[in-house]
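Undergrad: Residue 85 is where the sequence shown starts when you use the working numbering, and the numbers rise one by one after that. Backbone N, C-alpha and C fix where the C-beta goes; we use that ideal spot for every residue, glycine too. All values derive from a computational prediction rather than experimental measurement.
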Amino acid sequence: MDVLVTGGTGRLGQRLIGPLQAAGHSVKQMSRRGTGPGGVRGDLATGRDLGSAVAGAEVIVHAASDPRGDPWQVDVAGTRRLVEAVDRDRLRHLVYVSIVGVDRIPYGYYRAKFAAEQVLLASGLPVTLLRVTQFHDFVDLLLDTARRGPVLPVPMGWRVQPVDVGDVAEHIGTVIAAPPAGDVVEYGGPEELSAADLARSWVAARSPGTHVVATPVPGKLGAAFRDGAACPTGGARGRRTYAEHLRRPAH
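Laid out in structure tokens, this is it:
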């Protein structure tokens, strides 16, 4: 099938190309600059070149996001622009990559992702809302950023279930092959861990000598993570554990 990947140059978008092509699909990678093999230009924030980018797409994997900028402009308004631009007569399946817990965790970026889900559910398009847990290398980044010299403070009691981005890319191939769910499905890593356990594993592999300190986080955000809102309640699971991820050389 003709597949368009939005956010084609992102962490997940780049990993999707190989599995999709191996399955026999023709793949285009949409980004603002349209660079790389199979790259096409399309800007969700402005709508520029969006119509030509989505033309002919039978499947769209909507992986574009803007967590550091304005997610309401890219994730929400951009998703509305995408809905308006698709060829409804040709589109068979739109898979939206969301995050486990967007409906339960009170965080601005998550609220935007949840709002984008609602846009798609109301669109009448054949959709699957695929909520995934945090990627292993994103956990690495968070821990590295949180480190303060020889000390790494982490939220006490937070429960997470990180997943390998390559496992997610392969799973999306199976989601594409199945009929649209018309609802939310979840996908997470193979094991639930505390933030402190993750941090201790990361320190042993990446920053020996650093001392992990579990710190209470008050408020609704901390309560949601302690209650397991970031962990999937159903769906399939990835294979690669965080410990296996850490055995690979750091990038």
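Which stretch, first to last residue, makes up the beta strand (DSSP E) that contains Gln-113?
TA: Where Gln-113 is concerned, the enclosing beta strand (DSSP E) stretches over 110 to 115.
Undergrad: Find the nearest neighbour of Arg-176 within the set Arg-321, Ile-144, Phe-222, judged by alpha-carbon distance.
TA: When only C-alpha atoms are compared, the closest one is Ile-144.
Undergrad: For Tyr-191, which three-state DSSP category applies?
TA: In the structure shown, Tyr-191 sits in coil (DSSP, three-state: anything other than H, G, I, E or B).
Undergrad: Could I get the ranges of all uninterrupted beta strand (DSSP E) runs contained in the segment 194 to 251, with 3 residues as the minimum, in chain order?
TA: Runs found: 211 to 216, 235 to 239.
Undergrad: Measure the alpha-carbon distance for Gly-108 versus Val-138 and round it to whole angstroms.
TA: Between Gly-108 and Val-138, the C-alpha separation is close to 19 Å.
Undergrad: Taking the CB atoms as reference points, tell me whether Val-111 and Cys-315 lie closer together than 8 Å.
TA: Cβ atoms of Val-111 and Cys-315: not closer than 8 Å.
Undergrad: Do Val-223 and Val-252 have their CB atoms nearer than 8 Å?
TA: No, they are not a contact pair.
Undergrad: May I ask you to report which of helix, strand or coil DSSP gives Ala-161?
TA: Ala-161 falls in the helix class under three-state DSSP.
Undergrad: Determine, using beta carbons only, whether Arg-310 and Trp-242 come nearer to each other than 8 Å.
TA: Closer than 8 Å, so yes.
Undergrad: Exposed or buried, Pro-190, counting other C-beta atoms within 10 Å across all chains shown (16 or more means buried)?
TA: Exposed, because fewer than 16 other Cβ atoms sit within 10 Å of the Cβ of Pro-190.
Undergrad: For Val-259, which three-state DSSP category applies?
TA: Looking at Val-259 - three-state DSSP - the assignment turns out to be helix.
Undergrad: Do Val-170 and Leu-209 have their beta-carbon atoms positioned less than 8 Å apart in this structure?
TA: Cβ atoms of Leu-209 and Val-170: closer than 8 Å.
Undergrad: Roughly how many angstroms separate the alpha carbons of Ala-334 and Gly-102, rounded to a whole number?
TA: Between Ala-334 and Gly-102, the C-alpha separation is close to 22 Å.
Undergrad: Taking Gly-131 as the reference, which of Val-158, Pro-121, Ser-182, Gly-120 has the closest Cα?
TA: Nearest option by C-alpha distance: Val-158.
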